[in-house]
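Quick note, our numbering runs 114 ahead of the 1-based positions in the sequence shown. Note that CB positions come from ideal geometry on N, CA and C, so glycine has one too. Just so it is clear, the structure is predicted and the values come from calculations on it, not from any experiment.
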Amino acid sequence: MTDKANPKERSSANLFQELLATIQSLTGLRTVIYDRQQFTMRAGRQAIDAAFAGHRSEFCTLIRGTEAGSKGCTASDVEEATQEAGRRGEPFLHVCHAGLMEVVMPVVYRGEHVATVFCGQAIVEGCPAADVKWLTKRAGELGIGLDHVMPAYEALPRISQEKLVQIGRLLFLALNQLAESESRAALDRALALERNEAVRSAIAYVEEHFRDPLGIEALARHVHLTPAYLSRLFRKTTGMTFTDYLTQRRVAEAKELLRTTAMKVSDVAFEVGYSHQSYLGRKFRQVTGHTPVAYRRANQAETVKPR
């Protein structure tokens, strides 16, 4: 097999996807990454295919298609398993609310839990869904007829618990080796930024004015460069365009407000520099893969601050 891509241009996000796809192909088990901190973002966009961004087996899609099932999936995966991955710091076996077993592992980047990877969506010896009677009862609780759930159930892969654990250990080591490589690349970018006074000044200006209407022309005037030259310099130094940098900064602020305050989404949009809620929605989904409302539902703190 020939890879025509220049190795120097292959980002860790591309390698993450290659690794997940290879494990999936070799084992028949589905792999999923929940990216907590946009670790797989490149140039303001998700660099990993959407097929790896959620539990998408026929069985999981069927379960998630009901209101009760969707709530159960969010509680089981987004809340329970991802938080447990951060606490444990190593692979562990997790049984979802629909009775399937997966091996779950954190991805640690620069000392921070930035993503969680799931591998499985399988029938494993000893898991609740291995018992058809249990599955029948659970499907009924979720409002799904047995005639619908059984074909999807029969299509699920079967694997021993021991083999699932071994696959998880291998995947965990490979994922975190990639994260370490990305950490070194990030350090190189940070050093380049420190050496470039113009870009450093531009970023400081963005930090102060990202809530205002802001374009590359105004930024170029501030640092006494032409817009074209600043654009090239900014991208070379930071690894992203000015527009993508501004979008990520605004979305980061929006995430904080959605998580910690009770502000309306329309007010959050205005607060971070967007004149319309719909525009924030498009940018937010582009960066995070979620709508502002869905992000708030999954991440809002127990006690929020009024604004």
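- The C-alpha of residue 411 lies about 31 Å from the C-alpha of residue 317.
- Pairing residue 205 with residue 130 gives a Cβ-Cβ distance that is not under 8 Å.
- Shown here, residue 272 sits in a strand according to DSSP, grouped into three states.
- Here the stretch 172-192 makes contact with the stretch 210-219; the two share three or more CB pairs at distances below 8 Å.
- DSSP places residue 282 within a helical segment (H, G or I) once states are collapsed to three.
- Contact check for residue 324 and residue 363: beta-carbon distance about 5 Å, within the 8 Å limit, so the pair qualifies.
- Relative to the Cα of residue 222, the nearest Cα in the group 322, 290, 248 and 360 belongs to 290.
- C-alpha of residue 211 to C-alpha of residue 276: approximately 21 Å in a straight line.
- DSSP links residue 148 through a beta bridge to 230.
- In this structure, residue 229 lies near residue 149, with their beta-carbon atoms less than 8 Å apart.
- Under the three-state reduction of DSSP output, residue 264 falls in the helix class.
- Between residue 368 and residue 394, the C-beta spacing is below 8 Å.
- Between the alpha carbons of residue 312 and residue 335 lies a gap of roughly 11 Å.
- When the Cα atoms are used, residue 258 and residue 250 turn out to be separated by approximately 9 Å.
- Each of 239, 232 and 353 was checked against the Cα of residue 167, and the nearest Cα belongs to 232.
- Inclusion of residue 407 and residue 386 in the CB contact set at 8 Å is not warranted, their separation being larger than that value.
- Assignment of residue 365 by DSSP, reduced to helix, strand and coil, places it in the helix class.
- In the structure shown, the three-state DSSP call for residue 220 is strand.
- Taking every protein chain shown into account, the CB of residue 358 has 16 or more other CB atoms within 10 angstroms, so this residue is buried.
- Between residue 235 and the set 141, 329 and 169, the nearest pair of CA atoms involves 169.
- Measuring C-alpha to C-alpha distances from residue 183 to each of 254, 136 and 134 identifies 254 as the nearest.
- By a beta-carbon distance limit of 8 Å, residue 199 contacts residue 220. Their separation comes to about 4 Å.
- Non-local beta-carbon contacts of residue 187 in its own chain, meaning distances under 6 Å to residues more than five positions away in sequence, involve 178 in chain order.
- Straight-line measurement puts the Cα of residue 333 at about 12 Å from the Cα of residue 314.
- One thing to note: residue 409 has its Cβ no nearer than 8 Å to the Cβ of residue 371.
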